[in-house]
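So for the sequence shown, the UniProt record's numbering puts the first residue at 1; every next one is plus one.
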Amino acid sequence: MVLLTLSANHHDLDLADIDRLSAGASELGARVVAHSPAVRGAVVLATCNRFELYLETDDADGGESAATTAAYRAVATASGTPEDEVARLMRPIGGDQAAAHLFEVAAGLDSMVVGEREIAGQVRRALSRARQEGTTTPLLERTLQFAARTSRQVAVETDLARAGRSVVAVALDLAAAQLFGRDAEAGVDEPTGGGSDGGGVPHQSWGGRRTLLVGTGAYAGAALAALRARGARDIAVWSASGRAESFAASHDVAVAPADLDAALAAADLVVTCRGTGSPVLGASAVAGAVENRAGAPLVVVDLALHRDVAPEVAELPGVLLVDLEAVREHVPAATAADVVRAREIVADGVRALAETTAERRMDSAVVTLRSRVADVVADELDKLPADGEIPTERAAQALRRLAARLVHEPTVLAREAGRAGRAEEHLRALEQVLGLPVTDTAHDGPETSGPMDAAPTAAETERAERTR
């Protein structure tokens, strides 16, 4: 069994293509496992800048494998994208490279914003969903858990995550840099900033700005944390799903008016993170919200891969729109030393996974060996007196008989290997299994009685017992 990754990410594709492929991602894992015997398990990761499938398969030999073809077909069905288009857009990665890629993803090294913190949680949630759907496997569990552990080590031992980098943080800082530049030109005092994340985009304060958070999903919590880290306090949440009240109560924010137009009119900054597949903010609604703003721009930050804001909003006067495409063009650079150290940690984690996986491959052999020995011991114990009184000589006979039975088959196989010209191979294997050096007596002078010859065969022992 091997790991296969199918990846569509921001390195190779426009976000619109990733958006298109990830439609229907919620049902994809169960679909591909149910319809392909070559796929044993599946974990699906869909974020704002990547769409990936992690599969346990029998045949991850490349783009033409049965598992890959089945996965492409499942993605095509779920997303409504032609299968040949899916195959063109998604890149297959197999074996050790698939594990290394997953580790880099979980550590934030493959992200649009290198070192982002949200991705580790997204990977954990992807694994949790696969568990709920029954599509995970021991190999996928082990691989993703090792990746999560390595991600935590990267966070502790490097500064990649400490600088507060994330997609939402970069979006807010980019919007602030543009907005406060405009304010300065208009004679408005620039709010005091909070430094930089190391990439040249300042941490400006959003204090005093009325903020509307549209959406209550997992990413809304990350957006709220980034807003508060940048001074935002006057925050209200709006949701079409009816979950605004519970989100507001658990996160200590206000509930926005149910009328979205009224909520927009009261806001200076709008942050959307719904990603339901259709825009929630159209051009007419946003235009109405800026009519009475006296020249102060309405800032809209769209964090959804499936756009929450209609593209036409960017053309409206009095509106500053920052979306994921803008974030990709302005991501801060990570320090080279931190990236090098993070890659070293990832490489160590991948090696540890490979060693553990190789070790686990021997589990069935160990279980079989223990079971075989236990059966032989139980059989010999059944031959002893039931009253528990065992003379010393009788106990010694039982132990010799047990030893003979245990070495009988290895003895036969060793002699067969010698006759077949595989003596050297068999001796090395015995050394591995026994943990003892085994001498090849054929090259040490006259033939002598070796360890295998010293013990009688099982049949010889049985005959001896019957004649007593």
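Every residue gets a Cβ at the ideal spot worked out from N, C-alpha and C, and that includes glycine. A quick note: this is a predicted structure, and the numbers were derived from the prediction, not measured.
8 Å Cβ cutoff met for residue i and residue j
{"i": "residue 546", "j": "R274", "result": "Outside the displayed span of the chain (1 to 468) sits residue 546, for which this structure offers no information."}
{"i": "L15", "j": "L321", "result": "no"}
{"i": "A236", "j": "A256", "result": "yes"}
{"i": "A226", "j": "A177", "result": "no"}
{"i": "G95", "j": "V32", "result": "no"}
{"i": "D19", "j": "L89", "result": "no"}
{"i": "A304", "j": "T272", "result": "yes"}
{"i": "V376", "j": "L402", "result": "yes"}
{"i": "R210", "j": "A267", "result": "yes"}
{"i": "A171", "j": "L212", "result": "no"}
{"i": "V373", "j": "L406", "result": "yes"}
{"i": "E85", "j": "L140", "result": "no"}
{"i": "A38", "j": "G29", "result": "no"}
{"i": "D308", "j": "L281", "result": "yes"}
Own chain residues within Cβ distance below 6 Å of residue i, not counting five before or after
{"i": "A25", "result": "V44, A46"}
{"i": "E118", "result": "S166, A222"}
{"i": "A175", "result": "V299, V301, V322"}
{"i": "A87", "result": "Y72"}
{"i": "E409", "result": "none"}
{"i": "S151", "result": "A106, A107, A120"}
{"i": "V154", "result": "A107, A342, I345"}
{"i": "D234", "result": "R210"}
Residue i, buried or exposed, once every other Cβ within 10 Å from all chains shown has been counted against 16
{"i": "H101", "result": "buried"}
{"i": "T357", "result": "buried"}
{"i": "G80", "result": "exposed"}
{"i": "E116", "result": "buried"}
{"i": "E393", "result": "exposed"}
{"i": "I93", "result": "buried"}
{"i": "I390", "result": "exposed"}
{"i": "G63", "result": "Residue confidence for G63 is low, a pLDDT of 48 falling below 50, so the modelled location carries little weight and cannot support an answer."}
{"i": "R40", "result": "buried"}
{"i": "P279", "result": "buried"}
{"i": "A34", "result": "exposed"}
{"i": "D173", "result": "buried"}
{"i": "N292", "result": "exposed"}
{"i": "S7", "result": "buried"}
{"i": "D12", "result": "exposed"}
{"i": "D348", "result": "exposed"}
{"i": "D261", "result": "exposed"}
{"i": "E344", "result": "exposed"}
{"i": "V113", "result": "buried"}
{"i": "A378", "result": "exposed"}
Cβ neighbours of residue i in the same chain (closer than 7 Å, five flanking residues each side left out)
{"i": "P82", "result": "A76"}
{"i": "V319", "result": "V286, V290, P297, L298, V300, V313"}
{"i": "R341", "result": "E157, T158"}
{"i": "A98", "result": "L3, L4, T5"}
{"i": "R73", "result": "E83"}
{"i": "E380", "result": "A398, R401, L402"}
{"i": "R124", "result": "A148"}
Residues near residue i in its chain [Cβ-Cβ closer than 8 Å; skip 5 each side]
{"i": "P446", "result": "Note that P446 scores 46 on pLDDT, short of 50, meaning its location in the model is unreliable and no value can be drawn from it."}
{"i": "E27", "result": "A78"}
{"i": "L413", "result": "H426"}
{"i": "A244", "result": "T216, V237, W238, V255, A256"}
{"i": "R91", "result": "L6, S7, A8, D12"}
{"i": "A130", "result": "G29, G41, A42, V43, V44, T136, L140"}
N-terminal and C-terminal residue of the beta strand (DSSP E) that residue i is part of
{"i": "L298", "result": "298-302"}
{"i": "I93", "result": "91-94"}
{"i": "V313", "result": "Note, V313: premise wrong, no beta strand (DSSP E); not H, not E."}
{"i": "L28", "result": "Run containing L28: none in the beta strand (DSSP E); it sits in the alpha helix (DSSP H), 28-35."}
{"i": "L212", "result": "211-214"}
{"i": "G41", "result": "39-46"}
{"i": "L269", "result": "269-272"}
{"i": "A262", "result": "Run containing A262: none in the beta strand (DSSP E); it sits in the alpha helix (DSSP H), 260-265."}
Endpoints, alpha helix (DSSP H) assigned at residue i
{"i": "S128", "result": "118-133"}
{"i": "L13", "result": "Unbroken run through L13: none, as it is neither H nor E."}
{"i": "T69", "result": "66-79"}
{"i": "V433", "result": "423-434"}
{"i": "R50", "result": "Per DSSP, R50 belongs to no alpha helix (DSSP H); it is in the beta strand (DSSP E), 50-57."}
{"i": "G418", "result": "392-419"}
{"i": "L109", "result": "Neither: L109 is in no alpha helix (DSSP H) and is coded neither H nor E."}
{"i": "V286", "result": "283-290"}
{"i": "L320", "result": "Segment 319-322 is the beta strand (DSSP E) holding L320; no alpha helix (DSSP H) there."}
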